[in-house]
Structure formats: structure tokens, C-alpha cells
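As C-alpha cells, the structure follows; a few thoughts come after it.
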Amino acid sequence: MCIGGPLIALSIGAPTALASPSAGSGGAHTPGASAVHTHAAAETQPSTPNFAMSFNGVSLYQSGTATATSTRGFNLAVAGAGSSAYAGGGLFDVAVADKNSTATASGGILNYADAENNSTATAQDGTFVVARARNGSTAMITGGRLNIADANNGSSATVSGGSSNTATADGAGSVAFAGNGNNNTATASCGFKADASGGNNLVVTQPGGSCP
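Counting with mature numbering (1 follows the signal peptide of the UniProt record, and there is no 0), you get residues -19 to -1, 1 to 193 for the letters of the sequence shown.
Below you can see the structure in the form of C-alpha cells.
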């Protein structure tokens, strides 16, 4: 016995019956099959990912509003929505950017730049250096080795030259600078500025205590 015919007829007839109210229904309106089908199709449409990756001068993936560029030297660039990442001109440089941010890791060896949420991170011409920016901040490292610049929440952190210098800033308007020497540490918060540069083993924290 063939049951395909009745099943097909039933499947077609069901939405037709829904779309055509019977007499005495008071003229009630029920969405037609085409409207139901269109709505279902709209709900199942896959979204376009915003992601890009490039390694050693080769673009591995690019989609949506993300841009990633690298050059040879085992450099890696990864970007997310509305972001741009560049890693090149050195060896083993890594740049990661997401949420409308820009990250640049260039020159030197093992420069790492990480930016997220409307931020900019730059690590260039250094050796084993890390620039990290979050939430509308800017972090920059120029030269040196084993240097760290970490900025968060609308702040700015910069390290220039030297070795084992750290600049950390947190809070709108906060600015930290370290460098032009070795083993210097600058920490700024609450909109203050901290400068630990031009010497060695300097430690500067602003403000000295809790925020005024």
C-alpha cells in the first residue's frame, strides 16, 4: 500500500485549511503557510562570523569586519569584530585584536600585542615584550626587552627601551610611563600620571594611596 500520496496531500492541505477559515468562523485570520515558511527561514539564516587569521604571511581565514595581516617569520595575527591585527617584520610576533580594536606587533622577536574593546596595543622592535590594552585604552612598547605595558579602562601605558620595565595604568585619564633604564615600574590610577624613567630600579606609584 502506498502511503506517500495521502501524507503529501495532508501536509499540503493542513496549511491551506489554516489559511482558509471555514464558514461561521467569524472571519478570523490565520497567517498563511507562506508567511510561516518565510519566518522560519529568516530565523535559520546563519550569521556571518567576524574573524580573521593570518600566519607567516598567509591569510588563513577572513570574514566579516575583521582584518588580519602577517609577514613571514612565523608571525601570527588574529582579529575579531571591527578589528585589525598586524604581525610582521620580526620573528614570532603575535597580534590579537577584538571588538573594534587595533593590535600591531612588529620587528624584534616575540613581540605580543593584545587589544580589546575599542583599544590600541602596539609592541614593536622589542624582544619578549607585551603590550596589552582593554576598554578604550592604549598600550605601547618601543624597543627593549622583557618590557610590559598594561592599560585598562580609558588609560595609557607606555614603555620605551631598557629592560624589565613595567608600566601599568587603570582608570580614565591615567598615564603610566617606564623605560630609558632598567627594572623600572610605573603604576597610575584614578586619572593620575606616573613616570619611572631615566634611571634604574625606579618605582613610582600615583596616587600613593587610595583615589582621592
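Just so you know, even glycine gets a beta-carbon here, dropped at the ideal spot from N, CA and C. Computed from a predicted structure; not experimentally measured.
Are the Cβ atoms of residue i and residue j separated by less than 8 Å?
| i | j | result |
| --- | --- | --- |
| Ala84 | Ala102 | yes |
| Ser145 | Asn134 | no |
| residue 200 | Asn31 | With the chain covering only -19 through 193, there is no way to say anything about residue 200. |
| Leu57 | Ser64 | no |
| Asn81 | Phe55 | no |
| Gly142 | Gly154 | no |
Taking only three categories from DSSP, how would you classify residue i?
| i | result |
| --- | --- |
| Ser144 | strand |
| Asp79 | strand |
Could you give the distance in angstroms between the alpha-carbon of residue i and the alpha-carbon of residue j?
| i | j | result |
| --- | --- | --- |
| Leu127 | Asp151 | 21 Å |
| Met121 | Ser87 | 12 Å |
| Thr139 | Gly45 | 31 Å |
| Gly69 | Arg53 | 7 Å |
| Leu72 | Gln187 | 36 Å |
| Thr166 | Val77 | 25 Å |
| Asp106 | Cys171 | 31 Å |
| Asn181 | Met34 | 39 Å |
| Gly189 | Asp79 | 33 Å |
Return the bridge partner residues of residue i from the DSSP annotation.
| i | result |
| --- | --- |
| Gly160 | Ser141 and Ser178 |
| Asn150 | Sequence inspection shows Ala at residue 150; the Asn mentioned does not correspond to that position. Answer is Ala132 and Ala169, bridged to Ala150. |
| Leu183 | Paired residue(s): none; Leu183 is not in a bridge. |
Secondary structure, beta strand (DSSP E): runs of 3+ residues fully inside the stretch 24 to 68: As far as the stretch 24 to 68 is concerned, its whole beta strand (DSSP E) runs of at least 3 residues are 32 to 36, 39 to 44, 48 to 51 and 57 to 60.
Whole beta strand (DSSP E) elements within the stretch 87 to 140, 3-residue minimum: Fully enclosed beta strand (DSSP E) runs of 3 or longer: 90 to 97, 101 to 105, 108 to 115, 119 to 123 and 129 to 133.
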